[in-house]
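For the sequence shown, counting from 1, position 199 maps to 219 in my numbering; every step adds exactly one.
Note that the Cβ used here is the ideal one computed from N, Cα and C, for glycine as well.
Given the structure is predicted, the values throughout are model-derived calculations rather than measurements.
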Amino acid sequence: MNQVLPADVFIVVNKTVLQDDRKILVSLYEPLIGALAINLYNTLWTYLDHLELISTEFTHNTLLNTMMITVQEMMDARLKLEGIGLLKTYVKKGSVNSFIYELYSPMSAKEFLNNPILGTALFNALGPIEYERRVEFFKIPTMNLKNYEDVTVKFSDIFSWTNSSLRNIEIYNLRSKSTRPLEIISKIDINTILSFIPEEMLNPRSVTKEVRSFLIKISSIYNYDNEAMVELIRNSISEKHTIDKVKLRELASKYYQFENFGKLPSLIYKNQPEYLRSTKDGVSKRMQMIHLFETTSPYDFICSKYKSGTPTNSDLNIISYLLLDLDLKAGVVNVLVDYVLRINNNKLTKSFVETIAAQWKKSNIETVEDAMNIAEEEYKKKKNISTKKIVKQDKKPDWFHLDVQTNEATSEEIEALEKMLKG
């Protein structure tokens, strides 16, 4: 996916029957993708013709000026709309790229809240009290009909057929409300998982396409592998030899919270967004490092630093803080982690990491290249302010211009660096 230029053109196509879904968009979608993405969705909607079928051609510059946002902000919002199923994008490349933006309806409240991924993400974003308030808002009120009689007539009670011939023509391509399902690439193998569960425990025929999709979503939310899913499924089998989805969801959540000190997973960019990736070509070591930082998730990157492949909970909490609380991009987090590990004897000191991260956030560091450049600059400053004699050296990172020392930073050095970063 190429970066959008203001001169690139686009048209908007309505792939659904758009309705006033503001309450669903604001109450359910906005906590996950933000107000800017919702605003972009609504703005694209306004570009449709009076029949709400298709728009004329516009430049992206028109869109940017209307919303008073930058290209990067528009791209960030667009990717969120695509990922959550509200938008589909096509591009025809040329001297001026031409885009087609297809709008899709949001899910109904029932579909959204019962979706394992979206429902869980919303619960984690809002907290239990606000989540329950929003669920209550969309619930159908219950009426006590004990003393009432159903007197509704049937179709055949009111209507009958004449002798005229019945029309038996199927009409195609009619407009209807259309939603996009979430597209998830599975990390688990359902067949392998089922092979570890005896058929006398679980009826294989009960694992329908819908159940398989549910299992993939659960594994995706909590980053569970085949082994973990086997254990969860075994403990969620009902007396009828089927998977109890409610029980499985509860067990998956409890197990995750136990392993992560009560925290629940939240939606984040898995790796560096494509529109923030380098467009430079080359096979130098620096370009290889940039590619690695951009295409690896922070979780996988921190795992690669451990011989066992299992990071500590403390380190995972730091990663979570950088991604969720500071909203740093995934590639930037990878550079930051790599930088701190190299200058601090392979240790992620929480206060040290947070101080550097806060400075990078203030400097609006969003790309891997910018993160690498600022890391190099900070290392040079650190080297200048340090008066401690260097005892040993380690091989410098491939992307550093200067040798990087592997002495663990002393408390004095950390304090001096923090003061320098805070300015």
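In angstroms with no decimal places, state the Cα-to-Cα distance between residue 202 and residue 230.
As a first step, residue 202 must be located in the sequence shown, where it is residue number 182. As a first step, residue 230 must be located in the sequence shown, where it is residue number 210. When rounded, the distance between both Cα atoms is 13 Å.
Report the CB separation of residue 285 from residue 275 in whole angstroms; it is logged as a contact under 8 Å.
The residue labelled residue 285 in the question sits at position 265 within the sequence shown. The residue labelled residue 275 in the question sits at position 255 within the sequence shown. Not quite, the Cβ-Cβ distance comes to about 12 Å (not below 8 Å), so this is no contact.
Let me check understanding here. Comparing Cα to Cα, which of 41, 114, 78 and 56 lies closest to residue 95?
Mapped onto the sequence shown, residue 95 falls at position 75. Cα-wise, what sits closest to residue 95 is 56.
Would you decide whether residue 297 is buried or exposed? Buried here means 16 or more other CB atoms lie within 10 Å of its CB.
Walking along the sequence shown from the start, residue 297 turns up at place 277. Buried is the call here.
Going by DSSP in three states, residue 119 sits in which element: helix, strand or coil?
Mapped onto the sequence shown, residue 119 falls at position 99. Strand.
Opposite residue 365 in the DSSP bridges: which residues?
Taking the sequence shown and counting its residues from 1, one reaches residue 365 at position 345. The partner list for residue 365 (beta bridge, DSSP) is empty, contrary to what the question assumes.
Identify, in the order they occur along the chain, each residue of the same chain with its Cβ nearer than 6 Å to the Cβ of residue 391, setting aside the five sequence neighbours on each side.
Within the sequence shown, numbered from 1, the residue matching residue 391 stands at position 371. Around residue 391: 352, 355 and 385.
For residue 77, collect the residues of the same chain with a Cβ closer than 6 Å to its Cβ; drop the 5 residues on either side in sequence, then sort them by chain order.
As a working mapping, residue 77 is identified with position 57 in the sequence shown. 29 and 31, listed in sequence order.
Start and end of the beta strand (DSSP E) containing residue 110?
Counting from 1 along the sequence shown, the entry for residue 110 is found at position 90. From DSSP, the beta strand (DSSP E) with residue 110 extends over 107–112.
What are the boundary residues of the alpha helix (DSSP H) that residue 157 is part of?
What you label residue 157 is simply residue 137 of the sequence shown in a count that begins at 1. 148–158 is the extent of the alpha helix (DSSP H) around residue 157.
Using CA atoms only, rank isn't needed, just tell me which of 131, 157, 388 and 341 is closest to residue 316.
For the purposes of this step, residue 316 is taken as residue 296 along the sequence shown, with counting starting at 1. Out of 131, 157, 388 and 341, 388 has the C-alpha closest to the C-alpha of residue 316.
Beta-carbon spacing of residue 250, residue 204 below 8 Å
Indexing the sequence shown from 1 puts residue 250 at position 230. Indexing the sequence shown from 1 puts residue 204 at position 184. In this structure, residue 204 does not lie closer than 8 Å to residue 250 by Cβ.
Is DSSP giving residue 338 helix, strand or coil here?
Against the sequence shown, residue 338 aligns to sequence position 318. It is helical.
Would you kindly check if the distance between the Cβ of residue 58 and the Cβ of residue 33 is under 8 Å?
As a working note, residue 33 is residue 13 in the sequence shown. As a working note, residue 58 is residue 38 in the sequence shown. It is not a contact, given that the beta carbons lie outside the stated cut-off.
For residue 137 and residue 166, I'd like the C-alpha separation in whole angstroms.
Taking the sequence shown and counting its residues from 1, one reaches residue 137 at position 117. Taking the sequence shown and counting its residues from 1, one reaches residue 166 at position 146. Spanning the two alpha carbons is a distance of roughly 38 Å.
Start-to-end residues for the alpha helix (DSSP H) that takes in residue 62
Locating residue 62 in the sequence shown gives position 42, where the first residue counts as 1. Taken as a continuous stretch (DSSP letters only), the alpha helix (DSSP H) holding residue 62 covers 55–66.
Report back the beta-carbon spacing between residue 360 and residue 376 to the nearest angstrom; my notes put them in contact at under 8 Å.
Mapped onto the sequence shown, residue 360 falls at position 340. Mapped onto the sequence shown, residue 376 falls at position 356. The Cβ separation is near 7 Å, so the contact holds.
Are residue 38 and residue 123 touching if we call contact CB-CB under 8 Å?
Walking along the sequence shown from the start, residue 38 turns up at place 18. Walking along the sequence shown from the start, residue 123 turns up at place 103. Yes, the Cβ-Cβ distance between residue 38 and residue 123 is below 8 Å.
So the candidates are 347, 290 and 266; which of them puts its Cα closest to the Cα of residue 321?
For the purposes of this step, residue 321 is taken as the residue at position 301 of the sequence shown. Measuring from the Cα of residue 321, the nearest candidate turns out to be 290.
Suppose contacts are defined by Cβ-Cβ distances below 8 Å. Is residue 91 in contact with residue 155 by that definition?
Here residue 91 refers to the residue found at position 71 of the sequence shown. Here residue 155 refers to the residue found at position 135 of the sequence shown. No. Outside cutoff.
Nearest-angstrom Cβ-Cβ length linking residue 346 and residue 381, presumed shorter than 8 Å:
By one-based count along the sequence shown, residue 346 stands at place 326. By one-based count along the sequence shown, residue 381 stands at place 361. Indeed they touch by this definition, with Cβ atoms about 5 Å apart.
Does the segment 97–115 come close enough to the segment 211–226 to have 3 or more Cβ pairs within less than 8 Å?
no
Buried/exposed call for residue 80, threshold 16 Cβ in 10 Å:
As a working mapping, residue 80 is identified with position 60 in the sequence shown. By the 10 Å Cβ count, residue 80 comes out buried.
Spatially closest choice to residue 68 from 241, 35 and 305, by CA coordinates:
In the sequence shown, the residue the question calls residue 68 occupies position 48. Checked all of 241, 35 and 305; the closest Cα to residue 68 is 35.
Quick check: the Cα distance between residue 239 and residue 232, rounded to an integer number of angstroms?
The residue labelled residue 239 in the question sits at position 219 within the sequence shown. The residue labelled residue 232 in the question sits at position 212 within the sequence shown. So the alpha carbons of these two residues sit roughly 11 Å apart.
Just how far apart, CA to CA, sit residue 221 and residue 235?
Translated into the one-based positions of the sequence shown, residue 221 becomes position 201. Translated into the one-based positions of the sequence shown, residue 235 becomes position 215. In a straight line, the C-alpha of residue 221 is about 17 Å away from that of residue 235.
What's the call for residue 282, buried or exposed, on a 16-neighbour Cβ count within 10 Å?
Taking the first residue of the sequence shown as 1, we reach residue 282 at position 262. Exposed, because fewer than 16 other Cβ atoms sit within 10 Å of the Cβ of residue 282.
Shorter than 8 Å from the beta carbon of residue 130 to some beta carbon of chain B?
Among the chains of the structure shown, chain B does not appear; only one protein chain is present.
Does the Cβ of residue 139 have 16 or more other Cβ atoms within 10 Å, making it buried, or fewer, making it exposed?
Here the question's residue 139 lines up with position 119 in the sequence shown. So residue 139 ends up on the buried side.
Tell me which residues share the same chain as residue 217 and place their Cβ nearer than 7 Å to its Cβ, disregarding the 5 neighbours each side in the sequence.
Here residue 217 is taken as the residue at index 197 of the sequence shown, counted from 1. The answer, listed in chain order, is 250, 253 and 254.
Where DSSP assigns a beta bridge to residue 74, which residues make up the other side?
Taking the sequence shown and counting its residues from 1, one reaches residue 74 at position 54. Paired residues: 33.
Within its chain, find whatever has a CB closer than 7 Å to the CB of residue 519; leave out the 5 residues flanking it on each side and keep chain order.
What the structure shows of the chain is the stretch from 21 to 443, and residue 519 is not part of that stretch, so it cannot be assessed.
If you measure between the beta carbons of residue 262 and residue 215, is that distance less than 8 Å?
As a first step, residue 262 is located in the sequence shown; it is residue number 242 there, counting from the start. As a first step, residue 215 is located in the sequence shown; it is residue number 195 there, counting from the start. No.
Can you tell me whether residue 27 is buried or exposed? The criterion is at least 16 other CB atoms within 10 Å of its CB, across all chains shown.
Looking up residue 27 in the sequence shown gives position 7. The residue is exposed, with fewer than 16 neighbouring Cβ atoms inside 10 Å.
What residue from 160, 336, 88 and 383 has the CA that sits closest to residue 369's CA?
Taking the sequence shown and counting its residues from 1, one reaches residue 369 at position 349. Comparing Cα-Cα distances from residue 369 to each of 160, 336, 88 and 383, the minimum goes to 336.
Please state the DSSP three-state secondary structure of residue 79.
Here residue 79 refers to the residue found at position 59 when the sequence shown is read from its first residue. It is a strand residue.
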